[in-house]
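Numbering-wise (the working numbering), the sequence shown opens with residue 1 and increments by one.
All C-beta atoms in this analysis are idealised placements derived from N, C-alpha and C, irrespective of residue type, glycine included.
Quantities reported herein were computed from a predicted structural model and do not represent experimental measurements.
Before any comments, here is the structure.
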Amino acid sequence: MQSAADAADAAALLAAVPAGRRVALVDPRFVGHVHALRLGLTDPRFPAATVPGALTAQPAARGALLRALHRTAAAVGAGAPVVEPDADPAPEDRTVPGRIAVALEAEGTAVQRPALGSLVAAVPTDPEQEAAAEAGLASVDDEAVRLRNAVKAHDGFFTTYCISPYSRYIARWCARRNLTPNQVTTASLFTALVAAGAAATGTRGGYVAAGILLLVSFVLDCTDGQLARYSLQYSTMGAWLDATFDRAKEYAYYAGLAIGAVRGGDDVWALALGAMVLQACRHVVDFSFNEANHDAVANTSPTAALSDKLDNVGWTVWVRRMIVLPIGERWAMIAVLTALTTPRIVFYALLVGCSLAACYTTAGRLLRSLTRRASRTDRAAQALADLADSGPLAQAVAAVAPGLRGAFTAPAVALLGTLVMIGGALFLPYGSPLTVAAAAVYVVLSGLAVARPLKGALDWLVPPFFRAAEYVTILVLAARSDVPHAVPAAFGLVSAVAYHHYDTVYRIRGGTGAPPQWLVRTIGGHEGRTALVVVLAAVLTHTSGFTTALTALAVAVALVVLVESIRFWVSSSAPAVHDEGELA
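So this is what it looks like as structure tokens:
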């Protein structure tokens with residue numbers, strides 16, 4: 001820490017700091033809570049941030065900071081205003097850090113201004129202001145605020161009232177022992193895997209232990225995010241771990257339940273795979289809708305207005321959050337039913353509950369889309385195209401096919417292709433060449449659906465239709481094959497493909513775009529993988545070779561997507577984010 005006599009001296013001191021380091025400017029008159037400074041100066045997600053009397057810049061914004069500081073020094077020295085003459089700057093923008101923040105924004109550098117709530121951050125200019133700041137400082141416990149802010153603002157009922165009241169203190173305990181969010185995330189994964197192993201024993205004692213351990217894993221899952229918010233430890237690796245481990249834990253637990261059921265004489269692998277498919281399709285509906293509309297122009301909808309109104313009525317907020325069966329409610333239900341009933345009942349409850357939740361959320365999104373008066377942006381259309389995961393076959397069709405016009409043409413064509421594919425897998429004789437023909441029709445319709453930019457009101461339905469077509473086709477063909485272990489092999493294949501799709505979502509969310517095209521081409525795209533599984537089922541009809549082929553395909557897809565995903569998320573180009581989005 002060094003003191004500067006004026007803005008010019010501060011510019012000289014900052015210029016001497018190595019270019020790869022974060023720097024901060026704090027007015028010597030600053031009065032405020034320590035946590036207010038933490039929020040303003042230590043959050044790694046933003047290139048520049050400010051609170052009244054303090055400013056920070058990461059290496060990416062250092063050049064802009066120095067330029068703004070030189071301009072501010074010159075303006076202050078000449079007696080000229082930094083802001084426009086007709087502007088009425090806020091008190092915090094009259095300090096040197098405040099003036100620099102304004103200058104940075106005028107140059108085009110985004111400056112984060114975290115909400116402080118009841119925390120004090122001020123630069124008093126007279127004894128009266130200083131006394132008021134000191135009084136505010138004494139009246140607010142910043143540690144209590146820090147603990148409260150560690151909890152995600154929008155969470156499910158079970159998490160809010162049954163987990164967060166004590167998990168925040170576990171997060172503080174971890175912070176005081178220098179544990180990182182990534183370590184807690186890993187502990188949560190390990191605990192869930194042990195829970196899956198306990199469920200796989202197929203004994204009542206194993207099921208009880210599995211239910212308890214699953215709840216412990218969920219407590220740790222809440223703790224890692226709260227620790228990240230409490231200590232402001234956001235990282236690229238943490239974003240990747242937090243985004244993917246929830247799915248890995250849940251799907252591993254499904255597999256453990258299925259193994260345990262088989263040991264007890266009840267084969268529920270098809271139900272386990274069905275639950276996983278339904279949950280993944282629910283998520284892609286949420287992701288696709290949000291990406292299609294998050295930057296929509298002239299975004300108005302009576303349905304959205306009604307939803308916002310209901311969000312202002314306390315009890316309706318919690319009812320609506322519970323209806324969608326978020327991760328807290330879902331895992332609590334799974335844990336209790338595992339301990340008290342059988343795996344089959346667990347999966348029946350999951351299928352029924354998630355189906356009702358999917359109908360509720362999808363109906364609401366359809367109503368919003370049909371009543372919305374908005375224009376899709378190019379970015380939204382690109383995000384939907386990336387989520388569609390079209391491979392070489394569909395891209396080839398799209399390249400030679402004229403774009404189909406019409407407000408609802410793309411989702412209608414995608415739905416038709418999905419019905420043809422799933423219907424062929426379900427109702428045509430198993431292994432029939434007609435199923436291969438249905439796959440060919442699906443490939444063509446998939447290409448036609450994405451031949452034009454996805455800017456229609458319901459075009460966000462295209463990726464969910466493609467996910468349903470691929471996942472359900474794999475499930476149906478494996479279940480109808482009557483080949484030993486074909487469904488567990490299909491479970492592994494869908495798990496690997498679903499990981500690729502979740503990885504795509506979180507890359508787009510981080511602002512870095514979808515996975516590279518070579519990866520999509522290598523693993524075939526949704527239509528290529530679907531067609532390949534159909535051909536394998538036709539060629540390897542009722543033979544163990546089908547199980548072997550599905551297993552080999554699952555391993556190949558998993559290796560390719562995991563290696564590329566790990567490379568991306570641990571690289572310096574990956575975004576430092578922490579998910580605050582949907583209830584999962």
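About 7 Å separates the Cβ atoms of P114 and V51, confirming a contact at the 8 Å cut-off. In this structure A394 touches G525 by the C-beta definition: roughly 6 Å separates them, less than 8 Å. Proximity to A144 across Y169, A122 and W569 peaks at Y169, based on C-alpha coordinates.
In this model, A399 and A538 are separated by some 29 Å (Cα to Cα).
Of all alpha-carbon atoms in G528, L337, G98 and A374, the one lying nearest the alpha-carbon of L350 is that of L337. In this structure, S288 keeps its C-beta atom at 8 Å or more from the C-beta atom of P411. By a beta-carbon distance limit of 8 Å, S544 contacts V483. Their separation comes to about 6 Å. Per DSSP, A401 is not a residue of any beta strand (DSSP E), being assigned neither H nor E.
Per the coordinates, the alpha-carbon of V319 lies some 13 Å from the alpha-carbon of T361. Distance check between T371 and each of T409, A339, G456 and F218 places G456 closest, using alpha-carbon atoms only. In this structure, A73 is the residue among A54, A73 and A489 with its C-alpha nearest to the C-alpha of A5. For N178, the number of other beta carbons within 10 angstroms of its own is below 16, and it is reported as exposed. Between D246 and P181 the beta-carbon gap is near 14 Å, outside 8 Å, which marks them as no contact. Inclusion of A68 and E107 in the CB contact set at 8 Å is warranted, their separation being smaller than that value. In the three-state DSSP reduction, L104 falls in the helix class (H, G or I). Per DSSP, the unbroken alpha helix (DSSP H) holding A192 starts and ends at P181 to A199. Secondary structure remark: continuous alpha helix (DSSP H) runs of at least 4 residues inside the region 321–345, in chain order: 327–340. The three-state secondary structure of V31, taken from DSSP, is strand. Across the structure, L428 and R282 are spaced so that their CA atoms are roughly 27 Å apart. Between V151 and H33, the C-beta gap is not smaller than 8 Å, which leaves the two residues out of contact. Within 10 angstroms of the beta-carbon of Q279 lie 16 or more other beta-carbons, which makes it buried.
The count of Cβ pairs closer than 8 Å, one atom from the region 440–448 and one from the region 492–506, stays below three, leaving the stretches out of contact. T522 and A439 do not touch by the CB rule: their CB atoms are close to 20 Å apart, not below 8 Å. One thing to note: A175 has its Cβ no nearer than 8 Å to the Cβ of Y502. Within 10 angstroms of the beta-carbon of H500 lie 16 or more other beta-carbons, which makes it buried. For A358 and I334, the gap between their C-alpha atoms comes out near 18 Å. Rounded to the nearest whole angstrom, the C-alpha separation of S164 and Y348 is 29 Å. According to DSSP, residue pairing for A121 in a beta bridge involves G32.
For Y254, the CB contacts under 7 Å within the same chain, skipping 5 residues up- and downstream, are A272, A275 and M276 in chain order.
Closest in alpha carbon position to R376, among Q517, R330, V346 and E291, is E291. With contacts defined by Cβ atoms closer than 8 Å, V23 and P124 do not form a contacting pair. Per DSSP, A468 is one residue of the alpha helix (DSSP H) stretching across V462 to R480. In the DSSP assignment, A449 falls outside any beta strand (DSSP E) and lies within the alpha helix (DSSP H) extending over P433 to A449. Rounded to the nearest whole angstrom, the CA to CA distance from I474 to Y230 is 43 Å. Around M421, the same chain offers A438, A439, Y442, A469, T473 and T530 as residues with beta carbons nearer than 7 Å, after the five sequence neighbours per side are excluded.
A381 places its beta carbon less than 8 Å from that of P453.
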